[in-house]
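Chemist: Residue numbers (this note's numbering): -11 to 43.
#1: Terminal residues of the continuous alpha helix (DSSP H) containing residue -7?
#2: Quick check on residue 87: does DSSP put it in helix, strand or coil?
#3: For residue 18, count neighbouring C-beta atoms within 10 Å of its own C-beta (all shown protein chains included) and say buried if the count is 16 or more, exposed if not.
#4: Please tell me whether residue 32 and residue -7 are closer than 8 Å, where the distance is taken between their beta carbons.
#5: Which one of -1, 3, 13 and 20 has the shortest CA to CA distance from residue 38?
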């Protein structure tokens, strides 16, 4: 899913939309994933999965 958002990031930016991802891993793993996938948006950490469970 994140890759689809990456592919449309310029379109979102042109509409003044801000995209955040949510990751349930630790910060180091999340940063490695961001670098590997070249994600142009910030990732919020949800290590206790409380946000994920809520949705």
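We treat Cβ as the ideally placed atom computed from N, Cα and C, and that holds for glycine.
Modeler: To lay it out plainly:
#1: -10 to -5
#2: Limits of the chain in this structure are -11 at one end and 43 at the other, which puts residue 87 out of reach.
#3: buried
#4: no
#5: 13
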